[in-house]
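J.: Provided herewith is a single structure, encoded as structure tokens, for subsequent inquiry.
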Amino acid sequence: MRESLEGSVGRRSREEEHESRSGSDNMDGASGDDQDAADKPPRKKRYHRHTPQQIQELEALFKECPHPDEKQRLELSKRLCLETRQVKFWFQNRRTQMKTQLERHENSLLRQENDKLRAENMSIRDAMRNPICTNCGGPAIIGDISLEEQHLRIENARLKDELDRVCALAGKFLGRPISTLATSIAPPLPNSSLELGVGSNGFGALSTVATTLPLGPDFGGGMSNALVPPSRPTTAVTGLDRSVERPMFLELALAAMNELVKMAQTDEPLWIRSLEGGREILNQDEYLRTFTPCIGMKSNGFVTEASRESGMVIINSLALVETLMDSNRWSEMFPCMIARTSTTDVISGGVGGTRNGALQLMHAELQVLSPLVPVREVNFLRFCKQHAEGVWAVVDVSVDTIRETSGAPSFVNCRRLPSGCVVQDMPNGYSKVTWVEHAEYEESQVHQLYHPLLRSGMAFGAQRWVATLQRQCECLAILMSSSVPTRDHTGITASGRRSMLKLAQRMTDNFCAGVCASTVHKWNKLNVGNVDEDVRVMTRKSVDDPGEPPGIVLSAATSVWLPVSPQRLFDFLRDERLRSEWDILSNGGPMQEMAHIAKGQDHGNCVSLLRASAMNANQSSMLILQETCIDAAGSLVVYAPVDIPAMHVVMNGGDSAYVALLPSGFAIVPDGPGSRGPTSNGQVNWNGSGGGGAERVGGSLLTVAFQILVNSLPTAKLTVESVETVNNLISCTVQKIKAALQCES
7 MRESLEGSVG RRSREEEHES RSGSDNMDGA SGDDQDAADK PPRKKRYHRH
57 TPQQIQELEA LFKECPHPDE KQRLELSKRL CLETRQVKFW FQNRRTQMKT
107 QLERHENSLL RQENDKLRAE NMSIRDAMRN PICTNCGGPA IIGDISLEEQ
157 HLRIENARLK DELDRVCALA GKFLGRPIST LATSIAPPLP NSSLELGVGS
207 NGFGALSTVA TTLPLGPDFG GGMSNALVPP SRPTTAVTGL DRSVERPMFL
257 ELALAAMNEL VKMAQTDEPL WIRSLEGGRE ILNQDEYLRT FTPCIGMKSN
307 GFVTEASRES GMVIINSLAL VETLMDSNRW SEMFPCMIAR TSTTDVISGG
357 VGGTRNGALQ LMHAELQVLS PLVPVREVNF LRFCKQHAEG VWAVVDVSVD
407 TIRETSGAPS FVNCRRLPSG CVVQDMPNGY SKVTWVEHAE YEESQVHQLY
457 HPLLRSGMAF GAQRWVATLQ RQCECLAILM SSSVPTRDHT GITASGRRSM
507 LKLAQRMTDN FCAGVCASTV HKWNKLNVGN VDEDVRVMTR KSVDDPGEPP
557 GIVLSAATSV WLPVSPQRLF DFLRDERLRS EWDILSNGGP MQEMAHIAKG
607 QDHGNCVSLL RASAMNANQS SMLILQETCI DAAGSLVVYA PVDIPAMHVV
657 MNGGDSAYVA LLPSGFAIVP DGPGSRGPTS NGQVNWNGSG GGGAERVGGS
707 LLTVAFQILV NSLPTAKLTV ESVETVNNLI SCTVQKIKAA LQCES
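Everything in the sequence shown is counted per the working numbering, starting at 7 for the first residue and increasing by one.
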């Protein structure tokens, strides 16, 4: 039956081939469905052979369009000096010929598959006739194979499929194929945490294979470099989680890296320059046309922010990549932006002793220094890849959608779409950094004053990351240079400078932790009757911390809008000669600068020691440690009263960890494009007019925060009077600043 079927198919193919004559012979008369000569006497068919040039033109159009419309046929017939009917019939015959060739090819494949199945069938029959015992090698009796062995064989087949899938993923990850079992099994290496999707839920037999899968081009050679040192921080993840999540993580990391590089390199129409300030704005329609969402669709109530920024940074690409891939160094580089971070799992540590191919799971708390903007908690993958000599890219992407599919409950107020930086070495020791930030967040939790800033991407966006990186790297370059800047007081020794800077860094970190209520300290929020609506008051107990006075610490913070430029506000607050206009600690008189350490080319980036003059013999003079910093994204003034004997020790190079201090200070950011401050009803005025229709100017968002020891006994109860005192201190300070800058109304 099969042979007769094949015979009929073959005869039909030969007849159709004879009709079409390879597409070059064509009837002059009618053919196919269009034949209209049924009522005429039969006549001999006339064949017309097309010229090679005509065939070449016809074939070229056939490749582009096998079904040309009437207009295309008419145009072609004029160009080739043929009748439209000839062109029409040539295309009909060519399509028939193509169909015949495809059928012939399919028949050939089916015949090969049939032969293969027949051969397998014969070999299985032979094996069943003569079974062999696997233990002794002698003849076996059917039925001796145990149920357990059958299950093991089935499991073995499943594991082979899993290994092939993992090898294919790893090959895609590296950009080169990875061979499977036959060539990749090497002696098992101890202490390896590199398990590409292979865990302990029935995957135990593959643990040795998993540890020998490198993620890099030095496959076969220094494989130990591809393995993660045991000292790297990892968290215990169940075998089920590993086997399910890690292949997903690899695919997500590759898709995110691809998106980041395109976002960094593509200009219009993906990025459009705004008329106000020349910022780059992401064209959402073009973005959705270009990219497939790699972490699912946007949640209800979430809004999108996107920004891109480029800049030259005094650091080489390798050093920057190492900083970004180490959670501790990353948070030290961006101290005011990252409240807390940790590496929760290392999937790959990179290869060849480098970070190329490094992939890790991280957690971070990102902050804007204001109690009116909630801290953003994100769980994300960080993937690092070297694209060329001196060109690296590091991408972050949220993993909450994967966690949800794995059954882990999670509530997120922010999702990071592919974000990160592309770093390119420059010949002068600098790097060109192109940073892309793209996120979705729940806007309802953010105070209206900060809506314009966040929507523009200036709060958590690329400009802030690049500006902070430039300022921090400039500071590191100055500290590492042997020459002391001319503005510095040369009376302080090199070790004294280091101790003072370390103390100032601790002071600023504690200030940021108090403003944003991150999990660095265990704060308890208070709701007390007489506290202003936008003032957040928190309390915590300070016990056994040599860097803080023991007792109950009260933190109060608020943010206000001022119709003053950020630069003018910063210059006013950092000037020790004008300090008495707002600081009640200054005893009403001017302050003197006792020591000065520059942290950048801008005079505003420095650490200084100020002394308040005693107004009368009964008052003792007091020292204030102050750190100020400013960049394109905002500025900071942080200060704390310090003990005079303790500071003498620090300035001589002593340990600064035992200097007790509680910081206070100010954070200043621009109010965002389109914002003109609040109107009389508290709503943000977007269009520049509010109240009585008066035109308003753009200004600053000022955050004021104090940390005060209200009782030296950690066990004491907090009183309402203490809270009201701190609240009054904040409102009084804000009023004094407004009066001094003549913007009370």
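Don't be surprised by glycine CBs; every beta carbon is placed ideally from N, CA and C.
1. Return the chain-ordered list of same chain residues with a C-beta closer than 6 Å to the C-beta of R159, the five sequence neighbours on each side being excluded.
2. When the Cα of A345 is compared with those of A325, G317, P380, S354, which residue comes out closest?
3. Please report the straight-line C-alpha distance between R252 and T360, rounded to a whole angstrom.
4. Distance check for M254 and S706, CA to CA, integer angstroms please.
5. Please classify G698 as buried or exposed, where buried requires at least 16 neighbouring CB atoms within 10 angstroms.
6. So, using beta-carbon positions, are L616 and E587 closer together than 8 Å?
7. Under a three-way DSSP split, which group does R101 fall into?
8. Is N334 buried or exposed, if buried means 16 or more other CB atoms sit within 10 Å of its CB?
9. Based on the DSSP secondary-structure assignment, which residues constitute the bridge partners of Q290?
10. Output the residue ranges of the beta strand (DSSP E) runs that lie fully inside the segment 551 to 625 and measure 3 residues or longer, sorted by chain position.
11. Helix or strand or just coil, what does DSSP make of L719?
12. Going straight from the alpha carbon of S83 to that of L116, what length do you get?
13. Taking DSSP as the reference, what is the three-state secondary structure of T411?
14. Just checking: is the beta-carbon of D677 within a distance shorter than 8 Å of some beta-carbon in chain C?
15. How many Å lie between K77 and K166 at the Cα?
16. Hey, would you say A711 sits closer than 8 Å to V521, going by beta carbons?
17. Do you know offhand how far T725's Cα is from V559's?
18. Just curious, the beta strand (DSSP E) that H758 is in, first and last residue?
19. Ordered along the chain, which non-local residues of its own chain (more than five positions away) have a Cβ less than 7 Å from that of V93?
20. Give me the Cα-Cα distance between L667 and I630, rounded to the nearest whole angstrom.
21. Once you ignore the five residues that flank S348 on each side, which residues in its own chain have a CB closer than 6 Å to its CB?
22. Just the C-alpha distance for L387 and N658, rounded to the nearest angstrom, thanks.
23. Which of the three DSSP states, helix, strand or coil, is assigned to S348?
24. Taking the alpha-carbon of P424 as reference, which of P433, V319, I301 has the nearest alpha-carbon?
25. Do the segment 284 to 291 and the segment 302 to 314 touch if we need at least three Cβ pairs shorter than 8 Å?
26. Do you know whose CA, among V418, L455, K438, S501, lies nearest V472's CA?
27. Please report the distance separating the alpha-carbon of L281 from that of G426.
28. Give every residue of the same chain whose Cβ lies closer than 6 Å to the Cβ of F517, excluding the five residues on either side of it in the sequence, and list them in chain order.
29. Roughly how many angstroms separate the alpha carbons of S323 and A745, rounded to a whole number?
30. Report, in whole angstroms, the separation of the C-beta atoms of S354 and G363, which I expect to be a contact under 8 Å.
31. So, for V319: in the same chain, excluding its five sequence neighbours on each side, which residues have a beta-carbon less than 6 Å away from its beta-carbon?
32. Under the three-state reduction of DSSP, which class applies to E274: helix, strand or coil?
33. According to the Cβ coordinates, are V442 and A262 closer than 8 Å?
34. Within 10 angstroms of the Cβ of A604, are there 16 or more other Cβ atoms? Answer buried if so, exposed if not.
35. Which of helix, strand or coil does DSSP assign to D332?
36. Buried or exposed for I743, please, with buried defined as at least 16 other CB atoms from any protein chain shown within 10 angstroms of its CB.
T.: According to the structure data:
1. none
2. P380
3. 21 Å
4. 44 Å
5. The predicted model places G698 with a pLDDT of 41, which falls under 50 and marks its position as unreliable, so this point remains unresolved.
6. no
7. helix
8. exposed
9. Answer by DSSP bridge pairing: none, since Q290 is not bridged.
10. Taking 3 residues as the shortest admissible run, the segment 551 to 625 contains the following complete beta strand (DSSP E) segments, listed from N- to C-terminal end: 557 to 568, 597 to 604, 612 to 618.
11. coil
12. 40 Å
13. Confidence at T411 is low in this model, with a pLDDT of 47, below 50, so the placement of that residue should be treated as unreliable; the coordinate-derived value is given next. If DSSP states are grouped into helix, strand and coil, T411 belongs with the helices.
14. The question asks about chain C, but that chain is absent: this structure has only one protein chain.
15. 56 Å
16. yes
17. Straight-line Cα distance between these residues: approximately 12 Å.
18. The chain is shown from 7 up to 751; residue 758 falls before or after that span and cannot be answered.
19. R79, L82, S83
20. When rounded, the distance between both Cα atoms is 10 Å.
21. S333, H369
22. C-alpha separation (whole angstroms): 44 Å.
23. strand
24. I301
25. Output reads yes: the segment 302 to 314 touches the segment 284 to 291.
26. K438
27. Across the structure, L281 and G426 are spaced so that their CA atoms are roughly 26 Å apart.
28. V644, P669, G671
29. Roughly 48 Å between the two C-alpha positions.
30. 6 Å
31. Only S437, V439, L475, Q476, C479 meet the Cβ criterion.
32. coil
33. no
34. buried
35. coil
36. Buried, because 16 or more other Cβ atoms sit within 10 Å of the Cβ of I743.
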